[in-house]
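Worksheet: the structure to be examined is printed underneath.
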Amino acid sequence: VVENSPTGIFIYRNGRLVFANQRFYQMVGRAQGDLVHMDVADIIHPADWPMVSEMWRRRLAGTGASQDYECRILHAGGEVRWISGRTALIRYAGEPALLGNIQDITERHKAEQALRDSRETLHRLSTRLMSAQESERKRVAARSPMSNWPRRPRS
């Protein structure tokens, strides 16, 4: 079941990965033989590693850290990918460990960024349109024959 999972599954203990399924290796672009030499900090984006390592430390200590997270990983080919992860506290070889499950959400992040960009562009265009409309109203009002008529004093 684990080897046929569409998500990456791993076990993290004592600062190291002690198990990962084939999908995990595909997601990070590494071979199974690399596990022995693999430091998790080399896989997770340096800007995200402090958050992830602190969360995992707290989970292992049982202090109630969130089990869900999103972070960037560094694919062996140099590409940055987004993942959604979830961890569960387990016992592995008699010691506390984390059972992790990751899913690639890079395309979702790209779509969300494109949506944010288009909303920002729409907002800028809307602001420019309103400004142009106001300028046109002022221009038309200034050229109107009614603008030159004398005003009657109010009683």
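The working numbering numbers the first residue of the sequence shown as -12 and each following residue consecutively. Note that the Cβ used here is the ideal one computed from N, Cα and C, for glycine as well. Predicted model, so just to flag it, every value in this text is computed and none were measured.
(message) Checking 8 Å against the spacing of the C-beta atoms, do Ile77 and Arg68 come in under that value?
(response) Working through the sequence shown from its first residue, we reach residue 77 at position 90. Working through the sequence shown from its first residue, we reach residue 68 at position 81. It is not a contact, given that the beta carbons lie outside the stated cut-off.
(request) Evaluate contact between the region 27 to 36 and the region 50 to 65, counting only Cβ atoms and requiring at least three cross-stretch pairs below 8 Å. (result) yes
(message) To the nearest angstrom, how far is the alpha carbon of Ser53 from that of Ala80?
(response) For the purposes of this step, residue 53 is taken as residue 66 along the sequence shown, with counting starting at 1. For the purposes of this step, residue 80 is taken as residue 93 along the sequence shown, with counting starting at 1. Spanning the two alpha carbons is a distance of roughly 24 Å.
(request) Using the DSSP secondary-structure output, state which residues sit across from Tyr(-1) in a beta bridge. (result) Position 12 of the sequence shown holds residue -1. Note: Tyr(-1) sits in a beta bridge opposite Leu4, Leu85.
(request) Please name the residue, chosen from Gly16, Asp55, Ala128, Arg44, that lies closest to Ala3 on a Cα-to-Cα basis. (result) Locating residue 3 in the sequence shown gives position 16, where the first residue counts as 1. Strictly speaking, residue 3 in this sequence is Arg, with Ala absent from that position. Comparing Cα-Cα distances from Arg3 to each of Gly16, Asp55, Ala128, Arg44, the minimum goes to Arg44.
(request) Let me know if Thr108 comes out buried or exposed under the rule of 16 or more other beta-carbons within 10 Å of its beta-carbon. (result) For the purposes of this step, residue 108 is taken as the residue at position 121 of the sequence shown. Thr108 comes out exposed.
(request) Take Met14 and list the residues in its own chain whose beta-carbon comes closer than 6 Å to its own, dropping the five residues that flank it on each side. (result) Locating residue 14 in the sequence shown gives position 27, where the first residue counts as 1. So the qualifying residues of the chain are Gly(-5), Asp91.
(request) Under 6 Å Cβ to Cβ from Ala75, same chain only, skipping five residues before and after it: list those, please. (result) Numbered from 1 along the sequence shown, position 88 holds the residue referred to as residue 75. Only Leu86 meet the Cβ criterion.
(message) Quick check on the DSSP output: the alpha helix (DSSP H) that includes Arg130 runs from which residue to which?
(response) Sequence index remark: in the sequence shown, residue 130 carries index 143 (1-based). Looking at the DSSP string, the run of the alpha helix (DSSP H) that includes Arg130 is 93 to 130.
(request) Reducing DSSP to helix, strand and coil, say where Ala75 ends up. (result) On the sequence shown, position 88 is the one that residue 75 refers to. In the structure shown, Ala75 sits in a strand (DSSP, three-state: E or B).
(request) Let me know if Arg10 comes out buried or exposed under the rule of 16 or more other beta-carbons within 10 Å of its beta-carbon. (result) Residue mapping note: residue 10 aligns to position 23 of the sequence shown, counting from 1. That one is buried.
(request) State the Cα-Cα distance for the pair Glu41 and Asp26, rounded to the nearest angstrom. (result) Looking up residue 41 in the sequence shown gives position 54. Looking up residue 26 in the sequence shown gives position 39. Roughly 16 Å between the two C-alpha positions.
(request) Report the partner residues of Leu47 according to the DSSP bridge assignment. (result) In the sequence shown, the residue the question calls residue 47 occupies position 60. None; Leu47 has no bridge partner.
(request) Count the other CB atoms, across all protein chains shown, that sit within 10 Å of the CB of Gly49; report buried if there are 16 or more and exposed otherwise. (result) Counted from its first residue, the sequence shown places residue 49 at position 62. Exposed.
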